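To start, the structure itself, in structure tokens.
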Amino acid sequence: MTLFGPLSKYKRLLNRETAKIMCCYTQNFTYVDSLSKQHNDCNALQTVSEDLSGITPFFPKTFNLAAYVNNSETLKKLVNLNVNLSEIEKKPYVVEKILKLDFEKDMKQHIIFLNDFVGLEEMGNFLTKNPLILCEPINDLQVRVNYLESKGFKYDQVKKVISANPFWLMLSTVRIDRRLGYYQNYLSLCGKEVRYLATKQPKLITYNLHHIRTNMFVIKEEMGFEDSELKNMVLNKPRLLMLNQKSLLQRFNFIHQVMKIPHKTILEQPEILLCRNFKVKQRHLFLNKLGRSQYDPKKENYVPIKALVEKPDTEFCRQFAKCSVNDFNLFLKTL
């Protein structure tokens, strides 16, 4: 009794639970049968008095906006503005938001507003890069433009900032003010210089701040430039702060340590750091083989370091290497 008594008890409980489950299944089958009967009673060809012309087929989630264009006036208008939908559809979360917008209610006023700064000829490219600006409240966009004007930016400068950086107006005035203040304090810029920097390279202001700080550290601590020299280089070529840190340092090391170009010359011609290292290396090695790698302006046969990056191969060979471009091409095959 002590051994088999509990087992018989569990068996009875198991039978009860099985009966409950079977009852639930029976109820579910009854419900499904009733739905099936209701569906069969409906006539698919039954005539109705309502206008059904506005009913469109169901479109499932898709990564191809072309499926919606014929049935969406909003997408048709965007295509007419030369918006590249194939670029937008690469981001599904953007597609989902755009498809919910109505052109007349949600987009028209934005496009009229942006037309004052971008122009219709560039509107398609602008919206392709940042379609989410159509989801921003129009009042917020106006406030951000008013902020720039309050800081002394002229209309042409505001136009350059917005057209060159489609994401500028996505940032609140508080964030933009902090960014401009950061550059002003770190580089010791006056108001005019801040406006000049923001206008010359608008993308710099909204760029990843950690990346900017790292490049500033590289230029000062690893490349050996002073604070005032860093300021001059950034105002001259602000894109230096947007370069890959490893590439920037590699270019400097080759120019300074291999080519023996002093800091002063690099400071005067910082565009040398914007050029890919392989191009500078190829031309320097070629000049070195010819005995013409002379970068001191006080000596004969002076070759400005700009010639290593700006001139096409034919001009470089004719003016500085004093040979034909074929000789240069043959040399490249030996590398």
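Residue 235 in the numbering used here sits at position 255 of the sequence shown; the count goes up by one each step and never skips. Idealized CB from N, CA, C, for every residue including glycine. The structure presented is a predicted model; accordingly, all values stated were derived computationally and were not measured.
Kindly indicate which residue of the options has the alpha-carbon position closest to the one of residue i.
i, options, result
"K278", "T245, K71, K140", "T245"
"T179", "D207, M150, V141", "V141"
"C115", "M150, G104, N95", "M150"
"L223", "V198, P146, L160, F311", "V198"
"E290", "I252, G204, Y187", "I252"
"N95", "I185, K286, S143", "S143"
"N64", "E102, D82, K80", "E102"
"Y73", "L100, P111, F83, E84", "P111"
"P318", "N145, L58, L81", "Because the chain here runs from -19 to 315, residue 318 falls outside it and cannot be looked at."
"N119", "S130, P146, S152, Y282", "S152"
"D181", "E201, P146, S208, F205", "Checking the displayed sequence, the identity of residue 181 turns out to be Gln instead of Asp. When only C-alpha atoms are compared, the closest one is P146."
"L270", "L58, F300, L220", "F300"
"F93", "L55, K139, K56", "K139"
"I185", "E201, Q164, C170", "Q164"
"F308", "V283, L45, Y275, L265", "L265"
Only counting the same chain, and skipping five residues up and downstream in sequence, which positions put a Cβ closer than 8 Å to that of residue i?
i, result
"L(-17)", "Caution is warranted here: a pLDDT of 44 is assigned to L(-17), below 50, making its placement in the model unreliable, and no coordinate value can be reported."
What are the start and end residues of the alpha helix (DSSP H) that includes residue i?
i, result
"V174", "171 to 180"
"S29", "Segment: none, S29 is in no alpha helix (DSSP H) and carries neither H nor E."
"A47", "46 to 49"
"L107", "100 to 109"
"N126", "118 to 130"
"G204", "Careful: G204 lies outside any alpha helix (DSSP H) and carries neither H nor E."
"K88", "88 to 95"
Distance, Cα to Cα, residue i vs residue j?
i, j, result
"E173", "Y135", "17 Å"
"L247", "K88", "48 Å"
"Y176", "D86", "34 Å"
"E67", "T108", "7 Å"
"N60", "Y127", "32 Å"
"D157", "R124", "10 Å"
"K77", "F106", "17 Å"
"E201", "V98", "40 Å"
"K259", "L160", "35 Å"
My assumption, with CB atoms under 8 Å, is that residue i sits in contact with residue j. Please give the rounded CB distance.
i, j, result
"L254", "K217", "6 Å"
"L211", "S168", "Checking the displayed sequence, the identity of residue 211 turns out to be Lys instead of Leu. Rounded, the Cβ-Cβ distance is 6 Å, consistent with contact."
"H322", "F296", "Only positions -19 to 315 of the chain appear in the structure, and residue 322 is not among them; the question remains open."
Under 6 Å Cβ to Cβ from residue i, same chain only, skipping five residues before and after it: list those, please.
i, result
"R256", "none"
"F232", "M203"
For residue i, collect the residues of the same chain with a Cβ closer than 7 Å to its Cβ; drop the 5 residues on either side in sequence, then sort them by chain order.
i, result
"Q137", "R175, T179"
"Y187", "M222"
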